[in-house]
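Visitor: Structure provided below as structure tokens; questions to follow.
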Amino acid sequence: MTFSRISAKELLTLMRFGIVGIGATLVHMGVAASLVHFNIAPVFVANLVAYLTAFLFAFTGHFVWTFQRGAPLKQAIWRYFVISASAFGVNNLVLLSLVESGLVSKVASVVIAAAIVPAISYVASRLWGFKDASEPDAQPAQPTAPFFDKGEDTADAADLAPVNSGLHGRVMKHPSVCFWTFMALHLVIWTLVPTLVYRNLPLDVIELVTWGHEWQLGYFKHPPLPSWLLEGATMLFGSSAWPAYLLSQLSMIIAFWAIWRLGRAILGAQAALLSVFLTSLIYFYNFPTPEFNHNVLQVPVWALMALCGWYALKQDKLWQWLALGLLTGFAVYIKYSMAILVVALLLFLLVEPSARQRLKSWGLWLAALLALLVAAPHLYWLIDSDFQSLSYMSARSAPLEGIVARLLGSLGFVGIQIGHHGALLLVLAIGGGLLPFWRKGISAGVSFPFAATLERRYLIWIALVPIALTILLSVVNGSEMRPMWAAPMFSFSALALLGSLKTAYFRERFRFMAIGWAGVYFGTLIVIASMGLFGSYVIKKPLRVDWPGAQIASHIASLWQSQQNQPLAYVGGDAWIGGNVSFYAATRPSLVHLEDWGKSPWAEPAQVRCKGVMILWQQKDGDEPHLPEAYAFDPQRIAASGIEVFQWKVKDKPFRIGWAMVPPDPSACQ
3 MTFSRISAKE LLTLMRFGIV GIGATLVHMG VAASLVHFNI APVFVANLVA YLTAFLFAFT
63 GHFVWTFQRG APLKQAIWRY FVISASAFGV NNLVLLSLVE SGLVSKVASV VIAAAIVPAI
123 SYVASRLWGF KDASEPDAQP AQPTAPFFDK GEDTADAADL APVNSGLHGR VMKHPSVCFW
183 TFMALHLVIW TLVPTLVYRN LPLDVIELVT WGHEWQLGYF KHPPLPSWLL EGATMLFGSS
243 AWPAYLLSQL SMIIAFWAIW RLGRAILGAQ AALLSVFLTS LIYFYNFPTP EFNHNVLQVP
303 VWALMALCGW YALKQDKLWQ WLALGLLTGF AVYIKYSMAI LVVALLLFLL VEPSARQRLK
363 SWGLWLAALL ALLVAAPHLY WLIDSDFQSL SYMSARSAPL EGIVARLLGS LGFVGIQIGH
423 HGALLLVLAI GGGLLPFWRK GISAGVSFPF AATLERRYLI WIALVPIALT ILLSVVNGSE
483 MRPMWAAPMF SFSALALLGS LKTAYFRERF RFMAIGWAGV YFGTLIVIAS MGLFGSYVIK
543 KPLRVDWPGA QIASHIASLW QSQQNQPLAY VGGDAWIGGN VSFYAATRPS LVHLEDWGKS
603 PWAEPAQVRC KGVMILWQQK DGDEPHLPEA YAFDPQRIAA SGIEVFQWKV KDKPFRIGWA
663 MVPPDPSACQ
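Below, the structure is given as structure tokens:
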């Protein structure tokens, strides 16, 4: 090799290292500065979280792109970890010095300290961390194996078919690295985007956290687990928005992990990685996820139940059955529609000959007993409340009269769900070369080695039978199906689709699929950010996420404090206006549904009279406050009332909130 060729190679390596390093530095700076600026974490905790995120970004970039003929994966990981840990130590020393000296702000301190890391790591990485395969002491390349090799514990390198060198080849050779990098980046990015662009929490989150504040075994609409999680996060981190967004994305990555594990066990690591990518394009796994609610929390528990069900059927170990039973018990605390998956799994036991023997397993019956024990407190509440939440669910389903209406409703439901898979199907069809006009020049003879096995039947079953049962239930009882109820049911649709393909599915198309996936994935983020930033300007009225909830809560609480000289304990009103004050006010007042006391059993009328209540409503017209009749509580004792005007993004369209103050009545206190 000539000197000029060596120099060109070194310059190319340096350029790639610089690009990845700049990207990692920007990730470090952006995450750290955001965490500090929004008071999400202390400066050193923020720096640690940002550093770990940047580490995953940098290692993946260097391993699959910068040093394309580098060291084996395990060697590269631990060497780069040593290098990064050393650089991180220097980073923290610099950060400590800057913070203690007070020469610059805390945000500037983390930015300056982050800029030092790439310079240190480049020299060590080039000379030691990523040894070039052409150097004398480099280890020889590992032999390759068939493209989609089967087996859950197969090493990544063993899953590889001969592929081209470069980024594509590195990704295909090490899907585990790509998977965990995707998981980390997804968690960080999808938590940060709504935190940065949304001014207010969405409606469902506001409503759930007001319920969770009361710690009930159930609520008039739904079971309690999502509310408990939100209230727990609020107790830990205060009335901040980001914990709710973090809970949503933790739910998503847990579901992705379950998909990855089941896919790796049945189809191999590369197919599992691809299925996770494709699943992230399904509507339920991106657009609605910033709004943490029962539909979002269903997704990981559903995926974990399907995963544990597979292992229990396959291996029949007691801990696997108990894990399934525990998850089933927790599912009762999330949403009753989770029962559909339980029915689907039981039906698989009955109709699948090779699985039917598990009916004799002690593990199955112990799992059922554990599920009942875990669910028992909520089931007791459900009976004691006269099935309040079930009545609400029934009322939410509009009746479909006649068989034609039921069939048309089912067809509409299926059509909407196909639309929700539109991005997945488009990327798979065009990027994967499944359309005839895209198949020219693609190598032949490479496809999924997947016969009609128990594995395939299980995948098809958990992907299709729950949806089929939902449609059948709707047709039989004549109830309308809401599209969001299907949110968890598509956790394995991408995996089942990949496992069922008979058409040649070629590794040469992976790069095109990756481009298509990246375009849709990041395009979705851009759309969500744009909606948060500009949506209210377009529709000329405030989106829920644009409401100044914190400002309203602070003003209302101060108004009460100034006239009553005691903290606000109760706020009356709807789930939105009253809920915002309940969440954002410093005293966290309890929300009272004055129009229906049964919706807020934590508040007795005597208690509310004792401590007083601030009644709120949206005043649409008129210059005098008009207390809605449904909210009339002790109207003869109203001490003061008024209208408060608040601004939002569109300055020429303020909105008004009416209020009525019912002061405390000491005579009602017992």
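To convert, note that position 377 of the sequence shown is 379 in my numbering; the numbers rise steadily by one, no gaps. C-beta: ideal position from N, C-alpha, C; glycine also.
So what does I645 bridge to, in DSSP terms?
Guide: G660
Visitor: Please state whether the Cβ-Cβ distance between I342 and P468 is less than 8 Å.
Guide: yes
Visitor: Give the single residue among P637, W463, P607 whose Cα lies nearest to the Cα of C671.
Guide: P607
Visitor: Alpha carbon to alpha carbon, how far is W661 from Q568?
Guide: The alpha-carbon atoms of W661 and Q568 are separated by roughly 18 Å.
Visitor: I need the DSSP call for A140, collapsed to helix, strand or coil.
Guide: For A140, the predicted structure reports a pLDDT of 38, less than 50, and the residue's modelled location is therefore unreliable. A value from the coordinates is still provided. Three-state DSSP puts A140 in coil, outside helix and strand.
Visitor: Flag this pair as touching only if the region 223-238 and the region 266-279 have three or more C-beta atom pairs under 8 Å; answer yes or no.
Guide: No: the two stretches stay apart, fewer than three of their Cβ pairs being nearer than 8 Å.
Visitor: Measuring alpha carbon to alpha carbon, tell me which of N49, Y287, D548, I558 ends up nearest M486.
Guide: Y287
Visitor: Write down every uninterrupted run of the beta strand (DSSP E) in the region 595-648 whose length is 3 residues or greater and which is fully enclosed by it, in chain order.
Guide: Listed in chain order, the complete beta strand (DSSP E) runs (minimum 3 residues) inside the region 595-648 are 615-620, 642-648.
Visitor: As a quick exercise: from Q359, I79, A333, pick the residue whose alpha carbon is nearest that of A377.
Guide: A333
Visitor: Under 6 Å Cβ to Cβ from A465, same chain only, skipping five residues before and after it: list those, please.
Guide: The beta carbon of A465 sits closer than 6 Å to the beta carbons of F494, S495, A498 from its chain, once the five residues preceding and following it are set aside; these are given in chain order.
Visitor: Three-state secondary structure (DSSP) at Y572?
Guide: Y572 falls in the strand class under three-state DSSP.
Visitor: Ends of the alpha helix (DSSP H) at Q218?
Guide: Taken as a continuous stretch (DSSP letters only), Q218 belongs to no alpha helix (DSSP H), as it is neither H nor E.
Visitor: By Cβ distance, which residues of its chain are closer than 6 Å to A325, with the 5 residues on each side in sequence left out?
Guide: C310
Visitor: Does the distance from the C-beta atom of Q359 to that of A489 stay below 8 Å?
Guide: Result no, Cβ atoms of Q359 and A489 do not sit closer than 8 Å.
Visitor: So what does S495 bridge to, in DSSP terms?
Guide: Looking at the DSSP assignment, S495 forms no beta bridge with any residue, so it has no partner.
Visitor: Check each candidate in W67, A407, F514, S393 and name the one with the smallest Cα separation from S476.
Guide: A407
Visitor: Between P544, G518, A235, which has its C-alpha nearest V207's C-alpha?
Guide: A235
Visitor: Just the Cα atoms here: how many angstroms apart are L372 and G25?
Guide: 48 Å
Visitor: Buried or exposed for R266, going by 16 or more other Cβ atoms inside 10 Å?
Guide: Flag for R266 reads buried.
Visitor: Using 8 Å for Cβ pairs, my map puts V615 next to Y572. What's the rounded Cβ distance?
Guide: 4 Å
Visitor: To which residues of the same chain is L545 closer than 7 Å at the C-beta, ignoring the five residues directly before and after it?
Guide: G537, S538.
Visitor: Can you round the beta-carbon distance between M100 and I114 to whole angstroms, since I take them to be within the 8 Å contact cut?
Guide: This sequence places Leu at residue 100; Met is not what is there. That belief holds up - the Cβ atoms of L100 and I114 are roughly 6 Å apart, short of 8 Å.
Visitor: How would you label D685, buried or exposed, when you count the other beta carbons within 10 angstroms and need 16 or more for buried?
Guide: The requested residue 685 does not occur in the structure, where the chain is confined to residues 3 to 672.
Visitor: Would you mind reading off the limits of the alpha helix (DSSP H) that contains V429?
Guide: Taken as a continuous stretch (DSSP letters only), V429 belongs to no alpha helix (DSSP H), as it is neither H nor E.
Visitor: According to the Cβ coordinates, are T55 and R18 closer than 8 Å?
Guide: Contact check for T55 against R18 fails: the beta carbons are separated by 8 Å or more.
Visitor: Is the region 344-360 close to the region 183-203, with three or more CB pairs under 8 Å?
Guide: no
Visitor: If we ignore side chains and look at the alpha-carbon of each, how far apart do W599 and F657 end up?
Guide: Straight across, the Cα-Cα distance linking W599 with F657 is about 28 Å.
Visitor: Rounded to whole angstroms, what's the CA-CA distance from A559 to W604? Just pull it up for me.
Guide: 21 Å
Visitor: Flag this pair as yes or no: are the beta carbons of A369 and P302 separated by less than 8 Å?
Guide: 8 Å or more divides the Cβ of A369 from the Cβ of P302.
Visitor: Excluding five sequence neighbours on each side, which residues of the same chain lie with their C-beta closer than 7 Å to the C-beta of G2?
Guide: Missing from the structure shown is residue 2; the chain here goes from 3 to 672 and no further.
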